[in-house]
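First residue of the sequence shown? That's 3 in our numbering, and the numbers climb one at a time after it. The beta-carbon is built from N, C-alpha and C at its ideal position, and this holds for glycine as well. What you are looking at is a predicted structure, and each value in this text was computed from that prediction instead of being measured.
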Amino acid sequence: MKKIIFFLLFVNFCFSQEKKLTISQIDSIVKTIRPKIESSGIIKKKKKNIGVFGTTSYEFEDNLIYSYYNETTKDKEFEFLHFYEFYYFNDSPIYIKINIEKINSKDNSKEIFKAELNKFEITSFKEIKNPFLINLRIKLNKIIFDFINNKPE
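Shown next, in the form of structure tokens:
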């Protein structure tokens, strides 16, 4: 009798754990559902508008599974287009895609930086090298912190 009870408890606990979704599964789910939160705003520097930003997050079964952040800033010489995609499991990031474009306003030339970070690279303290000398580690941590802490209950 003890073996039967143990077996039933074991099976129940094994099937009650959440299933970890793959990146492609998350992409498929995101295409079929509406975002949970969308926000946007203006970036100002010394009372002057220098850009805009937008954030969107998606939840599935009350868990944050995907979010993205985009930002456009412009000065006299350059325009920067930032796009960051975040994939989550149990409200922790498991994968990040980074795409940054730098456009020269004078000759319309373009430089592009792309990177993909796995779960271990996300938690690293090592700075993410990029040709634009942007401190991406601090920027990504701030964006992730904002998404997780502003998740509606």
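Per the DSSP secondary-structure output, Phe134 pairs with nothing in a beta bridge. For Glu118, the enclosing beta strand (DSSP E) covers residues 112-120.
With a contact defined as Cβ atoms closer than 8 Å, Asn120 and Glu129 miss out at about 17 Å.
In the displayed model, Leu142 falls within a helix according to three-state DSSP.
DSSP, reduced to helix, strand and coil, places Ile28 within a helical segment of the structure shown. Excluding five sequence positions before and after Glu73, the CB atoms of its chain that fall closer than 6 Å to its own CB belong to Phe55, His84, given in chain order. Residues Phe85, Lys116 of the same chain have their beta carbon placed closer than 7 Å to that of Asn101, with the five preceding and five following residues left out of the count.
DSSP places Ser126 outside any beta strand (DSSP E), giving it a letter other than H or E.
When DSSP assignments are scanned along the region 44-91, the uninterrupted stretches of beta strand (DSSP E) that are 3 or more residues long and fall wholly within it turn out to be 50-62, 65-76, 80-91. The continuous beta strand (DSSP E) containing Ile100 extends over residues 94-106. Residues Pro95, Ile98 of the same chain have their beta carbon placed closer than 7 Å to that of Ile124, with the five preceding and five following residues left out of the count. As a beta-bridge residue in DSSP terms, Ile39 pairs with Ser59.
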